[in-house]
Every structure is written in structure tokens, then in C-alpha cells.
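Enquirer: Quick one: the structure is below, questions incoming.
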Amino acid sequence: MNDIVLAIVWVTLLVLFLIAGILIVFFVSARQRLRQQIELTETKLAFERELRQVETEVSEHIMSQFAQELHDNIGQLLTAMHIQLENQKLDHPHLSEGLKPIGIYLEEVTQQLRLLSRTFNNDYLNHIGLFAAIQTEVERLRVLRRFEVSWEPVVGPTNLGKNQELMTFRILQEIIQNALRHASAKKLSIRVDNKNNGFEMLVADDGKGFSLDETLQSQKASGLRNILKRSRLAAMECIIETSPGKGSLFIIKKMATLD
Amino acid sequence: MIHLHSINKMMLSIISNLICPAIALSMGILSYRNLNEFWRLLFFQIVAYGITLIISYALTAYQKSQGQDENTQIVYNAFMLIEMLILITAAHVYFNVVWSKHLAFFAYGLFLMVFLLQISYNGIHTFANYASAAQSTILTLFYGAIVYQYFFFHPAPLGRSPEIWMCVGLLAFLAGCIPYITMINYMQKTYPRENIILYGTIINILSIVRYLLLAFGFFLVHRNTLALKTKTYE
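If you're matching them up, the sequences are chains B and E in order. Just so we're aligned, residue 1 is where the first sequence starts under our numbering, counting upward by one. Just so we're aligned, residue 260 is where the second sequence starts under our numbering, counting upward by one.
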């Protein structure tokens with residue numbers, strides 16, 4: 001009589017232990033799987049980050065070399081041309097009036113080249129800082145006379161790290177390139193808010209705008225993708241507001257969590 | 260000593276049959292607006308249980324007043340059909356895929372077959388214990404699958420997983436009952452005194468665990484929804 005009661009109690013306890021065991025096994029293996037998945041994702045992310053870093057370093061290196069070439073070789077050739085032109089003016093005074101416009105063009109080309117080589121030069125950008133670099137870029141654009149550039153100069157250091165400054169400047173260059181090549185804009189406005197340990201750069205144009213989703217899905221949006229990629233790499237937030245016929249607004253923002 | 264023992268048994272019975280389901284019901288009512296379809300079905304199971312208890316007490320009182328033998332097994336047999344339907348539908352709602360629907364239909368069919376066979380053999384006034392054991396086995400598999408799915412595909416801290424707590428309680432009750440439920444009619448016929456002790460020990464204790472964990476699950480659903488709302492407003 002008691003045996004059967006005990007047997008039932010023991011079997012019940014056994015079943016309960018079995019259920020508890022199964023649940024513990026589920027729990028432990030699920031946690032292990034989760035940990036493995038997290039590790040795998042972290043490794044993938046680290047690899048991707050590394051890859052982007054290398055990509056950026058390579059492109060920055062190429063740009064620096066290009067700037068160096070422009071400054072050292074083409075700059076030297078232009079100086080030589082300038083000297084040659086001045087010599088021609090001295091040797092043939094009667095041609096002096098005719099050579100004057102060529103001299104002016106040559107001067108302008110030299111100046112453009114100097115500005116361009118500066119904006120490609122990382123060391124120079126790191127040395128003068130983001131705001132001065134933007135100023136140089138604005139001056140270069142104003143000389144081009146392709147559109148009206150509105151920029152309120154800001155002084156002092158930014159609230160960004162050196163790498164973030166460089167990335168922000170490259171993003172600005174990319175946005176300007178897009179505005180020059182595709183937007184047919186008449187006005188470009190650059191505004192920076194550097195208060196309260198934050199940083200926000202707004203770049204707006206009155207060009208033809210575009211459909212963001214369609215452009216990102218197409219094969220042509222390498223510039224746009226580059227902007228987004230660089231923002232992520234610099235831990236900056238990039239907000240793009242645009243639609244066909246309504247111009248574009250790019251907001252590059254320092255992420256608050258980085259503080 | 261015997262008197263004290265029977266008081267303890269009565270207390271345990273009240274706690275398991277009334278207080279714990281009432282706590283679960285209260286928590287269910289409190290969080291009802293935040294419950295999804297799955298949780299609402301579990302809530303309806305407690306409501307159905309409550310109605311069954313009321314009918315059972317009313318029937319006992321009626322039978323007493325008429326001088327008949329007390330037997331409420333017909334009510335519990337009917338409740339078994341409803342409970343199985345609710346819990347298996349809840350399991351299907353949780354998975355919400357075609358195979359779970361087919362499997363739920365098949366499982367309910369299987370259970371119904373055992374139920375009808377036993378009822379036709381023993382009569383409606385005898386507890387269909389094999390059908391109950393079949394129900395417990397089928398539901399153990401279904402809710403075990405839910406726990407597996409939850410652990411592996413929706414990993415979250417235990418403090419934010421009401422499904423886990425509810426399933427643990429339900430699994431402990433269902434699986435733990437199987438050995439005793441299989442023997443319950445035999446024990447009642449052969450050793451009625453021991454059967455009462457066993458019922459008080461196994462069913463009542465497991466029922467307390469089941470309904471308290473279900474109440475905790477309702478509480479977690481309520482708390483998680485509140486936390487989510489607060490986060491959204493921030």
C-alpha cells in the first residue's frame with residue numbers, strides 16, 4: 001500500500017527533476033549560443049571597421065600623394081611657365097599687352113591649384129583645423145563662381161577629434177562635389193553649430209534634389225554611400241533631407257553617446 | 260493530531276484551488292489591456308477554471324440537498340475538454356504558423372479520441388484520467404517547444420520573459436501530474452485514503468506552483484509594457 005504511494009511520489013519527483021534538467025540544459029545552451037552569436041557579430045563588426053579604416057587610410061594616403069604631386073610638380077611647372085612668360089614680356093615689350101590675359105589666367109590656375117592641393121593634404125588640414133579648412137574650400141568655390149556660397153566663419157577649435165574633423169571635411173567635400181556635378185544648384189549654404197560640447201554641420205543647396213531611397217538603391221550613389229560610410233566611421237550621425245525639385249540638406253552631427 | 264492534519268490539508272486545498280487561481284486572475288485582470296492573444300487565452304483558462312469550480316460547488320450543494328451521492332466528475336470532464344482547447348489554441352497562437360495549426364488539430368483529435376474511448380467505457384461520471392494524462396503529455400510537448408523556441412530564438416533576461424515563467428509553472432504541473440493522474444482512478448478504487456493524501460500532496464502543490472508562476476507571468480507582462488511606455492515617452 002505504502003509502496004505504491006511512494007512509487008507515485010518518486011516517479012513524480014523524477015519527472016519534475018527531468019523537466020528541471022531539460023529546462024536548465026535549454027537555458028545554458030541558449031546562453032552559450034547567444035554568447036557565440038554576439039562574439040561572431042562583434043568579430044564581423046570589428047573586421048568591417050578595420051576594413052573601412054584601411055580603405056580610408058589608403059584613400060587619404062593617395063590624396064596626400066596627389067596633393068604633393070600637384071604642389072611639387074605641376075606647381076613648379078606653372079611657376080616655370082610664369083617666369084617664361086615674364087621673360088617673354090621683357091624680351092618682346094610689344095607683345096606685353098597680348099600676354100597680359102595669359103598671365104592673369106596663369107595666376108588664377110596657380111592659385112586654384114594651391115588651394116586644391118591644400119584641401120587634399122591631410123597634414124595641412126590637421127594643422128589648420130576644420131574651420132580654416134572649410135574657409136579655404138569656400139574660397140576655392142567662390143573663385144570657381146559656379147554658385148553662391150554662404151558661410152559664416154567660425155573660430156576656435158571644434159568639439160571633434162582630429163579623425164572626426166578630417167572625416168567631416170571629406171564629407172563636406174563629397175557633398176560639394178555632388179552639388180557641383182549633379183544638383184545644378186545656384187546657392188550653397190554651410191552652417192556649423194559648435195556649442196555645448198556638440199557639433200552640427202548643415203549643408204544645404206537649392207538644386208534639383210533627389211529621391212533618397214531610389215538613389216541609394218541605384219548603382220550610381222557611390223558619393224552618397226561614401227558620405228554615409230565616412231559618417232559611420234567617424235561615429236557621426238548623417239541626416240539627409242531631400243526630394244526631387246526641393247534641394248538637399250545634409251546634417252552631420254556628433255553622436256551624443258561619444259561624450 | 261488528525262484534526263490538525265485535516266486542517267492543513269484543507270488549507271492547502273483552499274490555497275491551491277482558490278487563493279492561487281484568484282491571485283492569477285487578479286493579475287490577469289490588472290494587466291488585461293496589455294495582454295496579447297496568447298496571454299488572453301491563458302487568462303480565459305483561469306476564468307474557465309473559476310466557472311468550473313463554482314459549478315462544481317453548486318452541484319455538490321444540490322446533490323447534498325437532494326440526498327444524492329456527491330459526484331462532480333462530469334463538470335471536471337467537461338472542463339478538461341475546454342482547458343485542452345484553450346491551451347492548445349494558445350500554443351498555436353504563440354507559434355502562429357501553418358504546421359502548428361495542423362499539429363494542434365491533430366493533437367486535439369488524438370486527445371478527443373482517448374477521451375471519448377474512456378468516457379464510453381467508464382461513463383461520464385468517472386474522471387477520464389487517461390484522457391487527462393494524454394492532455395498533460397501533449398501540452399507538455401507543446402509548451403516545452405515554446406520554452407525551447409523562446410530560449411533559442413527570443414533570448415531575453417529571465418526577468419523580462421513572462422513566457423518562460425508561465426511555461427515553467429505549466430510544465431511542472433502538467434508533467435508532474437502525469438504519473439499520479441494515470442493511477443488516480445485505480446488509487447481511488449483501491450486505496451481511497453492514500454489517494455486523498457496523494458492528491459493533496461501532488462496536485463495541490465503543483466497547482467500552487469502553476470498559478471503563482473502564471474500570476475508572475477501576468478505581472479511581468481504588465482511591468483514590461485509599462486517600462487516600454489516609459490521608454491517611449493522619454
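Backbone N, C-alpha and C define an ideal beta-carbon position, used for all residues, glycine too. This structure is a prediction, so every number in the text was calculated from the model and none was measured.
How about residue 41 of chain B: is its C-beta nearer than 9 Å to some C-beta of chain E?
Expert: Answer no: the Cβ-Cβ gap between residue 41 of chain B and chain E never drops below 9 Å.
Enquirer: For residue 269 of chain E, return the contacting residues in chain B, with the cut-off set at a CB-CB distance below 7 Å.
Expert: Here the premise fails: no neighbours, minimum Cβ distance about 20 Å.
Enquirer: According to DSSP, residue 253 of chain B sits in a beta bridge with which residue or residues?
Expert: B:200 and B:237.
Enquirer: Near residue 140 of chain B, which residues of its chain fall below 8 Å by C-beta distance, leaving aside the five closest residues on each side in sequence?
Expert: 112, 115, 116 and 119
Enquirer: Would you give the residue range spanned by the beta strand (DSSP E) that residue 148 of chain B belongs to?
Expert: 148 to 151
Enquirer: If you pair each beta-carbon of the region 302 to 310 of chain E with each one of the region 323 to 335 of chain E, do three or more pairs fall below 8 Å?
Expert: no
Enquirer: Tell me, please, whether the CB atom of residue 203 of chain B is closer than 9 Å to any CB atom in chain E?
Expert: no
Enquirer: Checking 9 Å against the spacing of the C-beta atoms, do residue 153 of chain B and residue 135 of chain B come in under that value?
Expert: yes
Enquirer: Short of 9 Å Cβ to Cβ, which residues in the region 16 to 32 of chain B face chain E?
Expert: If the cut-off is 9 Å between Cβ atoms, the region 16 to 32 of chain B has 16, 18, 19, 20, 22, 23, 26, 27, 29, 30 and 31 near chain E.
Enquirer: Leaving out five residues on either side along the sequence, give the residues of the same chain with a beta carbon under 6 Å from the beta carbon of residue 296 of chain E.
Expert: 352
Enquirer: Given that residue 34 of chain B touches chain E, what residues does it touch there, using C-beta distances under 7 Å?
Expert: Residues of chain E passing the Cβ test: 414.
Enquirer: Given a threshold of 16 other Cβ atoms within 10 Å of its Cβ, counted over all protein chains shown, does residue 254 of chain B qualify as buried or as exposed?
Expert: buried
Enquirer: What residue from B:211, B:43 and B:81 has the CA that sits closest to residue 240 of chain B's CA?
Expert: B:211
Enquirer: What residues in the region 457 to 490 of chain E have a beta carbon less than 9 Å from any beta carbon of chain B?
Expert: 457, 460, 461 and 465
Enquirer: Are the C-beta of residue 446 of chain E and some C-beta of chain B separated by less than 9 Å?
Expert: yes
Enquirer: By Cβ distance, which residues of its chain are closer than 6 Å to residue 422 of chain E, with the 5 residues on each side in sequence left out?
Expert: Excluding positions up to five away in sequence, the list reads 409.
Enquirer: Since residue 188 of chain B sits in a beta bridge, which residues does DSSP pair it with?
Expert: B:149 and B:205
Enquirer: Output yes if chain B places a C-beta closer than 9 Å to the C-beta of residue 348 of chain E; else output no.
Expert: no
Enquirer: Output yes or no for whether 9 Å exceeds the beta carbon distance between residue 424 of chain E and residue 485 of chain E.
Expert: The Cβ atoms of residue 424 of chain E and residue 485 of chain E do not sit closer than 9 Å to each other.
Enquirer: Hey, quick one: how far does the alpha helix (DSSP H) through residue 121 of chain B stretch, first residue to last?
Expert: Careful: residue 121 of chain B lies outside any alpha helix (DSSP H) and carries neither H nor E.
Enquirer: Would you mind reading off the limits of the alpha helix (DSSP H) that contains residue 71 of chain B?
Expert: In the DSSP assignment, residue 71 of chain B falls outside any alpha helix (DSSP H), carrying neither H nor E.
Enquirer: Measure the alpha-carbon distance for residue 187 of chain B versus residue 144 of chain B and round it to whole angstroms.
Expert: 13 Å
Enquirer: Once you ignore the five residues that flank residue 393 of chain E on each side, which residues in its own chain have a CB closer than 8 Å to its CB?
Expert: 369, 370, 373 and 374
Enquirer: Exposed or buried, what is residue 383 of chain E when buried is set at 16 or more other beta-carbons lying within 10 Å of its beta-carbon?
Expert: exposed
Enquirer: Please list, in chain order, the chain B residues whose beta carbon lies closer than 7 Å to that of residue 455 of chain E.
Expert: Going along chain B, no residue has its Cβ under 7 Å from residue 455 of chain E, so there is no contact; the nearest lies around 11 Å.
Enquirer: Are there 16 or more other CB atoms within 10 angstroms of the CB of residue 108 of chain B, so buried, or fewer, so exposed?
Expert: exposed
Enquirer: Of all the residues that make up the region 419 to 432 of chain E, which are near chain B by a beta-carbon distance shorter than 8 Å?
Expert: For the region 419 to 432 of chain E, which is checked against every Cβ of chain B, the residues closer than 8 Å are 427, 430 and 431.
Enquirer: Relative to the C-alpha of residue 376 of chain E, which residue among E:389, E:287, E:272 and E:347 is closest?
Expert: E:389
Enquirer: Might you give, ordered along the chain, the residues of its own chain that have their beta carbon closer than 7 Å to the beta carbon of residue 170 of chain B, omitting 5 neighbours on each side?
Expert: Apart from the 5 residues on each side of it in sequence, residue 170 of chain B sits with its Cβ closer than 7 Å to the Cβ of 230 in its chain, given in chain order.
Enquirer: Between the region 379 to 404 of chain E and chain B, which residues of the former have CB atoms less than 9 Å from a CB of the latter, in chain order?
Expert: 399 and 403
Enquirer: Three or more C-beta pairs under 8 Å: does that hold for the region 68 to 87 of chain B against the region 40 to 60 of chain B?
Expert: no
Enquirer: Shortest alpha-carbon distance to residue 13 of chain B belongs to which of E:305, E:473, E:472 and E:460?
Expert: The shortest C-alpha separation from residue 13 of chain B is found at E:460.
Enquirer: Rounded to whole angstroms, what's the CA-CA distance from residue 98 of chain B to residue 244 of chain B? Just pull it up for me.
Expert: 47 Å
Enquirer: Alpha carbon to alpha carbon, how far is residue 43 of chain B from residue 398 of chain E? Give it in angstroms, no decimals.
Expert: Roughly 41 Å between the two C-alpha positions.
Enquirer: Chain B partners of residue 354 of chain E, CB-CB under 7 Å?
Expert: Simply none; closest approach about 17 Å.
Enquirer: Can you round the beta-carbon distance between residue 435 of chain E and residue 16 of chain B to whole angstroms, since I take them to be within the 8 Å contact cut?
Expert: Separation of the CB atoms of residue 435 of chain E and residue 16 of chain B is rounded to 5 Å, and the pair is thereby assigned contact status at 8 Å.
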